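Take the sequence shown: its position 246, counted from the start at 1, is 229 in the numbering used here, and no numbers get skipped.
Working notes, structure below.
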Amino acid sequence: MADERFPAACRARLAHTLPFWRSGRWARLSPLGMAIAVGVIAAVISAAGLHQRGGYAGDFTWAWRAARLLAQGQNPYRDPGLDPIFPYPFDAPLLYPLTAVVIAAPFALFPAWLAGSLFFGCSAALLAYGIARSRRWYLLPLFLSAPFYVAATVAQWSPLVVASALAPGLAFLAVCKPSIGLPVLLTHGDRRSWQQAALFVLLTLALFPLWPLGWLHNLRTEHGYPVPLTVFPGVFLLLALLRWRDPRARLLVLMACFPQRLWFYDQLPLWLVVRNGRESLLLTVASWIGYWGWRLASESPVRNGSNPADAPVWVVTCIYLVALGIVLWPSVRRGWEGVRAWWQDRIPVTGSTILPRAER
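Next up, the structure:
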């Protein structure tokens, strides 16, 4: 009967496959091979998402346009083709520092849709390489998270920022998006990392000395980037200060203090607070609960998309607060064990007394 329900071919296949996973030989796969596989898949997903949004490079369009203007000797922070009256992705001025523009320069040789998907594929490949090289396999669930998916559909920078924390040679990439890169650099960077970042910024100043003025001017015109602490229930994130000596707690607090796009993709660096696969998987599942809660709670049909302005509460509740629980869990567990030990000491253990039966 067992043979009919479970054919010999399937039993043989499982007997060959399960030892591979149980032995941990999958963890000895080549970091380069894993990077290529993840990069190709991420590029395909990104290309599909960008095609759905109109065929441009998504959020990468700003850096892509700026790189082309800079190559022509023009000021990318005064682009007449960017104005709120235009549709996405031309509805805002350049809000990225010149460091991002320099990184985008090699991709400016390609059409917009191809540049965006290639950029995101390379970013995901660097992230996968950093995970494999540092042996932090518990971070792999982040590739299945809602922030990674949303970042892929708009060709965002967050995977590159996370990669900068895992590979010391990539630390300078954190300054491409300071709103989430500086918290990562402050908590994961060493002296050499800061030297790399400072040298990169100095090189961009040599290329275009006045770019910080144009960048800061454009930043003052935008107000759609709230601070997570100001979005209820984000004030509870200050509880992470109870474990300030823990770099993970400092990362959470610093991320909560920087203005950012509370639309899932900017929160990918929060996966750096996890310590094992269970916590990583918990944060990944919680991110999807927040994503679909936001999509289904929107007034417009899911197929028509949802308003990003409705997302901050879901992002703070389902990603930030879950990350807070992960950070505080060791203290909570030790506190509970202390209370239980105290309670056991207060109540002495008494043996049961059994009276002998009366003899008849």
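Where is the CB? At the ideal position from N, CA and C, for every residue including glycine.
Small disclaimer: the values here were computed from a predicted structure and weren't measured.
So, under 8 angstroms CB-CB, residue i and residue j are touching, yes? Tell me the CB distance rounded to an integer number of Å.
i: Val144; j: Pro252; result: 6 angstroms
i: Leu220; j: Val210; result: No, Leu220 and Val210 are not in contact; Cβ-Cβ is about 10 angstroms, not under 8 angstroms.
i: Asp74; j: Pro67; result: 5 angstroms
i: Pro76; j: Leu92; result: Rounded, the Cβ-Cβ distance is 24 angstroms, inconsistent with contact.
Which residue wins for smallest C-alpha separation from residue i, given the options the options?
i: His34; options: Ala88, Leu52, Tyr60 and Ser100; result: Ser100
i: Trp254; options: Ala95, Cys240 and Leu110; result: Leu110
i: Gly152; options: Arg175, Pro76, Leu265 and Arg118; result: Arg175
i: Ser117; options: Ser13, Arg226 and Val236; result: Ser13
i: Ser314; options: Ala46, Thr267, Leu222 and Leu77; result: Leu222
i: Arg244; options: Phe90, Pro161 and Gly197; result: Pro161
i: Phe102; options: Trp246, Leu279, Asp229 and Ser29; result: Ser29
i: Val310; options: Asp229, Gly22 and Ala18; result: Asp229
i: Gly56; options: Val184, Phe191, Gln327 and His200; result: Phe191
i: Ala180; options: Trp198, Leu156, His200 and Leu196; result: Leu156
i: Gly308; options: Asp328, Asp293, Leu265 and Phe90; result: Leu265
i: Ala292; options: Leu279, Gln250, Pro89 and Trp246; result: Trp246
Measure the alpha-carbon distance for residue i versus residue j and round it to whole angstroms.
i: Arg323; j: Arg317; result: 10 angstroms
i: Pro70; j: Ser270; result: 28 angstroms
i: Pro130; j: Ile163; result: 13 angstroms
i: Gly217; j: Arg61; result: 35 angstroms
i: Ala232; j: Arg119; result: 19 angstroms
i: Thr136; j: Thr204; result: 26 angstroms
i: Trp277; j: Ala189; result: 44 angstroms
i: Trp4; j: Trp312; result: Confidence is the limiting factor: at Trp4 the pLDDT is only 42, short of 50, which leaves the residue's position unreliable, though a coordinate-based value still follows. Distance between the alpha carbons of Trp4 and Trp312: 29 angstroms.
i: Asn58; j: Pro124; result: 41 angstroms
i: His206; j: Gly321; result: 47 angstroms
i: Ala31; j: Trp325; result: 58 angstroms
i: Trp275; j: Trp227; result: 32 angstroms
i: Ser147; j: Leu182; result: 15 angstroms
i: Leu234; j: Gln250; result: 11 angstroms
i: Gly197; j: Gln178; result: 24 angstroms
Using a Cβ-Cβ cutoff of less than 8 angstroms, which residues in the same chain neighbour residue i once the five nearest sequence positions on both sides are dropped?
i: Tyr121; result: Val257, Arg258, Asn259, Gly260, Glu262 and Ser263
i: Tyr39; result: Leu33, Pro72, Ala95, Trp96 and Gly99
i: Leu212; result: Val218, Leu220, Leu221, Ala239 and Cys240
i: Leu202; result: Leu78
i: Leu224; result: Ala232 and Val236
i: Leu338; result: Only weak support is given to the placement of Leu338: the predicted model assigns it a pLDDT of 48, under 50, and the question is left unresolved by the model.
i: Ala18; result: Ala108, Leu109, Ala111, Tyr112 and Ala115
i: Leu185; result: none
Within its chain, find whatever has a CB closer than 6 angstroms to the CB of residue i; leave out the 5 residues flanking it on each side and keep chain order.
i: Ala150; result: Gly113
i: Ser6; result: Here the model assigns Ser6 a pLDDT of 49, short of 50, so the residue's position is not dependable, and the following value carries that caveat. So the list is empty, once near-sequence residues are dropped.
i: Val214; result: Pro295 and Val299
i: Ile330; result: none
i: Gly104; result: Gly22, Ala25 and Ala26
i: Tyr248; result: Pro130, Val133, Ala134, Gln139 and Ser141
i: Ala87; result: Ala46, Trp47 and Ala50
i: Gly391; result: Coverage of the chain is limited to positions -16 through 343, which leaves residue 391 absent and any answer about it impossible.
i: Phe43; result: Gly99, Phe102 and Ala138
i: Ser106; result: Pro142 and Leu143
CB-CB under 7 angstroms to residue i, same chain, minus the five flanking residues each way: which ones, in chain order?
i: Thr187; result: Leu81, Thr82, Val85 and Trp194
i: Thr267; result: Pro124, Leu125, Leu127 and Ser128
i: Trp297; result: Gly273, Gly276 and Trp277
i: Pro242; result: Ser162, Tyr208, Pro209 and Val210
Under 6 angstroms: does the beta carbon of residue i sit that close to some heavy atom of the ligand ZN?
i: Ala30; result: Only the bare structure without any ligand can be found here, which leaves the ligand ZN out of the picture.
Counting beta carbon pairs with one atom in the segment 48 to 60 and one in the segment 137 to 155, are three or more of them shorter than 8 angstroms?
The answer is no - the segment 48 to 60 does not touch the segment 137 to 155, with fewer than three Cβ pairs under 8 angstroms.
For the pair the segment 162 to 169 and the segment 293 to 307, tell me if three or more CB-CB distances fall below 8 angstroms.
Fewer than three beta-carbon pairs drawn from the segment 162 to 169 and the segment 293 to 307 are found closer than 8 angstroms, and the two stretches are therefore not classed as touching.
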